[in-house]
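Please read the structure below before turning to the comments.
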Amino acid sequence: MAIYKNEFQRSIEQPESFWAEQAQRIPWFTPPSTVLEYDDQGHARWFTDGEMNICHAALDHHVEQGRGDQPAIYWDSPVTGSKRTLTYREMRDEVALFAGALQGLGVTKGDRVVIYMPMVPEALVAMYACARLGAIHSVVFGGFAPHELAVRIDDAQPKVVVAASCGIEIDRVIPYKPNIDQAIEQSEHKPDACIFLQRDQQRAELGARDHDWVEVVKHAKPADCVPVKGSDPLYVLYTSGTTGKPKGVVRDTAGYAVALHYSMDTIYDVSPGDVFFSASDVGWVVGHSYIVYAPLLRGCTTVVYEGKPVKTPDAGAFWRLISQYRVKSFFTAPTAFRAIKKEDPDGKLMQQYDISCLKALYLAGERLDPPTYHWLDDLLEVPVIDHWWQTETGWPIAANLQGLEAMPTKAGSATVPVPGFNVQILDREAEPVKAMEQGSVVIKQPMPPGCLVGVWGDPKRFHSAYMAAYPGYYLTGDGGYFDEEGYLFIMGRTDDVINVAGHRLSTGEMEEVVGAHSAVAECAVIGIHDALKGQIPVGLVIPKDGFDGDEVTLENELIALVREKIGPIACFKQVLVVNRLPKTRSGKILRKLLRSIADGKEYGVPSTIDDPASLQDVHEAMKDREVGSAHEARQL
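The sequence shown: position 7 = 7 (the UniProt record's numbering), numbered continuously.
Next up, the structure:
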């Protein structure tokens, strides 16, 4: 690890010179004279006086450098049976025209534009068009409920909303126009105009404020790139908050561009001309960073996939895409592979495809449970890399740095902190803990480039939510530990640590044990209230397809396993077999909501849920098995 340690040490001890070097790798209109400075609350700000445009850096620059005919985007949509390739030149030209269309509707530098679209190339065009003008985009996941969209419209106050007429799921078409109309009706702020991309599967009936995408582009003139300061906002991306109001994470322009370019080289080991595939959605931070911006900043080709890991048409979908587009690096969430493992436990579908082009598989978005890691590690001949980051950081905090110095992997570990991230583990008194001891995972200031620079419209919330708990440190909200070799283990959100009769136990550790059982496809362990012990754990498991064993026997075997591996102190005595677990659209299990139901609290169905019916299924299962106070819980 000598190469890594040298790079990491330099990034921590000499952050200004380290990031000044990285900044030279992207094109500037005016290079920054100030690399690092601090605002009045002591938060780091990077490249504030430099001038650039991220659209220019990702598109125009590559065309000027002779990459105009290289594919920028491969769009693959099994839900519509469509495919499309856009070269860098074609992408630049479409973006310039759509930027001109936005300009024609009055959008200028600093204005906000809400984008509400499915996984189509036009979503990327709209995002880059905003960046081209210096406007601030706020992408809302296509299909979000009207109330949630209205909250974001009121917070961001967009001049224009850009949308598609519909989104397409495996078994249904979701009209977007009614959602947008209801959201605007509910919101106090009214945008000046809406632009709709009409899709053949469900065309929208346009009203007085609405414009057809094709028509506004037809009458537009191409817009040039507007120079923006390095510290100017690029986008606002909403993430759930502890209060009812979502947090609008603000990302700056230059720090983000520099960090993303560095990550593509150092973490993902891709070079100009390589194909990079991130199976996410543009509505999430992974989509922003590693579908839209990072691949094109690096001169790669990005795969935009409108489909699912399974059922479009089968559990071999990812292998087909990797083979067809010659993908070098692939990035998705562990939940996607748990779904694949459930339907194709022996990986037989992979054998139909030549995936020799693939050099590494990256997983993030939630903890990579060891059973899924081992399944993938046995199946593939390339490194399986768990890496960890957050919406707020915008790029990985910890990873196995394939482009710098590949390291041995360890199941359950995100490997080591990425250069720039001074990760530490602190106890409740803000004192460092020893190796192998769990605590709160924090990042010492200065945060590296690319991280959030504020909460939209609420600077006090930025400080109180992230910086106040441990002065001088960013609070990640996750618990974890370093082992003796400096490997970082993230054990889940700190509220996933339960207190059983005074003993602090990790539900993540219990999930490792339960998930290792040969009959279990996926699981969650939650802590519920107990009058005697404070909290006790309850397991929820989804059996693998084809499981025909006895559920009582399975439950007894899982209880015995946890007793053997963790000990009777865990008090793990109840397991529910369920058909599905409630998750967000990005694949995270809604554990906090499950705890609320088990504890008999009122609950609401969150806008981020992928399958609302799954929540009711689990609620009924909890009532039937008399879990906690679930019989008292009711939906708001």
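Note that beta-carbon positions come from the ideal geometry of N, C-alpha and C, so glycine has one too.
Contact under 8 Å by Cβ, residue i with residue j
{"i": "W46", "j": "G255", "result": "yes"}
{"i": "P449", "j": "V258", "result": "yes"}
{"i": "K474", "j": "L426", "result": "Looking at the sequence provided, one finds Tyr at residue 474 rather than Lys. Not in contact: Y474 and L426 (Cβ atoms no closer than 8 Å)."}
{"i": "Q202", "j": "P146", "result": "no"}
{"i": "M436", "j": "Y362", "result": "no"}
{"i": "I542", "j": "Q535", "result": "no"}
{"i": "D60", "j": "C225", "result": "yes"}
{"i": "K533", "j": "V500", "result": "yes"}
{"i": "T409", "j": "P383", "result": "yes"}
{"i": "residue 637", "j": "R112", "result": "Look at the range of the chain in this structure, 1 to 636, and you will see that residue 637 is not part of it."}
{"i": "T391", "j": "V304", "result": "no"}
{"i": "L133", "j": "A220", "result": "no"}
{"i": "K407", "j": "L379", "result": "The question names Lys, but residue 407 is Met in the sequence shown. No; because the gap between Cβ atoms is not below 8 Å, this pair is not in contact."}
{"i": "L358", "j": "P334", "result": "no"}
{"i": "V228", "j": "V161", "result": "no"}
{"i": "D200", "j": "L206", "result": "no"}
{"i": "C55", "j": "A156", "result": "no"}
{"i": "G394", "j": "R298", "result": "no"}
{"i": "H463", "j": "Q41", "result": "yes"}
Rounded C-alpha distance that separates residue i from residue j
{"i": "Y487", "j": "Y4", "result": "13 Å"}
{"i": "G412", "j": "S271", "result": "28 Å"}
{"i": "Y373", "j": "I385", "result": "9 Å"}
{"i": "M52", "j": "G230", "result": "7 Å"}
{"i": "I355", "j": "R326", "result": "8 Å"}
{"i": "G66", "j": "A58", "result": "13 Å"}
{"i": "A72", "j": "E620", "result": "48 Å"}
{"i": "D265", "j": "Q22", "result": "11 Å"}
{"i": "I12", "j": "A20", "result": "13 Å"}
{"i": "A164", "j": "V139", "result": "12 Å"}
{"i": "E94", "j": "V125", "result": "7 Å"}
{"i": "G110", "j": "F421", "result": "30 Å"}
{"i": "V453", "j": "R25", "result": "22 Å"}
{"i": "T85", "j": "M1", "result": "40 Å"}
{"i": "T243", "j": "E7", "result": "Summary for T243: the model assigns pLDDT 47, below 50, so the residue's position carries little reliability; its value from the coordinates is reported in the next sentence. If you take the alpha carbons of T243 and E7, they lie about 39 Å apart."}
{"i": "S278", "j": "R152", "result": "26 Å"}
{"i": "E626", "j": "D617", "result": "14 Å"}
{"i": "F141", "j": "G567", "result": "43 Å"}
{"i": "P396", "j": "S263", "result": "8 Å"}
{"i": "Y235", "j": "L105", "result": "19 Å"}
{"i": "V552", "j": "K544", "result": "16 Å"}
{"i": "G143", "j": "E484", "result": "46 Å"}
{"i": "S289", "j": "C451", "result": "12 Å"}
{"i": "F276", "j": "C300", "result": "7 Å"}
According to DSSP, residues forming a beta bridge with residue i
{"i": "I526", "result": "V538"}
{"i": "K623", "result": "According to DSSP, which records beta bridges pairwise, K623 is partnered with nothing at all."}
{"i": "D252", "result": "P233"}
{"i": "S278", "result": "F331"}
{"i": "F482", "result": "L488"}
Own chain, CB closer than 6 Å to residue i, minus 5 neighbours either side, in chain order
{"i": "D232", "result": "T253"}
{"i": "E405", "result": "I3 and Y4"}
{"i": "K268", "result": "The sequence given here places Tyr at residue 268; Lys does not occur at that position. Counting only Cβ-Cβ distances below 6 Å, and skipping sequence neighbours, we find S329."}
{"i": "A204", "result": "S165, K177 and F196"}
{"i": "S17", "result": "none"}
{"i": "H631", "result": "K623"}
{"i": "W75", "result": "R84, P121 and V304"}
Contacts around residue i, its chain only, beta-carbon distance under 8 Å, and the 5 residues preceding and following it disregarded
{"i": "I170", "result": "V79, K308, K311 and T312"}
{"i": "R209", "result": "P191, D192, A193 and C194"}
{"i": "L593", "result": "P582, Y603, P606 and L615"}
{"i": "R595", "result": "I526, G527 and I528"}
{"i": "residue 641", "result": "With the chain covering 1 to 636 only, the question about residue 641 has no answer from this structure."}
{"i": "G479", "result": "Q438, G439, S440, V441, I490, M491, G492, R493, T494, D496, V497 and S506"}
Close-in-space but distant-in-sequence residues of the same chain around residue i (CB under 7 Å, 5 per side omitted)
{"i": "G472", "result": "K444 and Q445"}
{"i": "R634", "result": "E602"}
{"i": "P612", "result": "V605"}
{"i": "L296", "result": "A58, L59, A72 and T302"}
{"i": "D69", "result": "T87 and R89"}
{"i": "D530", "result": "I536"}
{"i": "A129", "result": "V95, F98, A99 and L102"}
{"i": "M549", "result": "Contrary to the premise, residue 549 reads as Gly rather than Met in this sequence. Around G549: A519."}
Looking at C-beta atoms only, is the number of pairs between the segment 104–123 and the segment 554–570 that lie closer than 8 Å three or more? no
Tell me whether the segment 170–179 and the segment 187–205 touch, counting them as touching only if at least three CB pairs, one residue from each stretch, are closer than 8 Å. yes
Report yes or no: do the segment 517–531 and the segment 332–346 share at least 3 C-beta pairs separated by less than 8 Å? yes
Please determine if the segment 19–30 and the segment 430–442 are in contact, where contact requires at least 3 C-beta pairs separated by less than 8 Å. no
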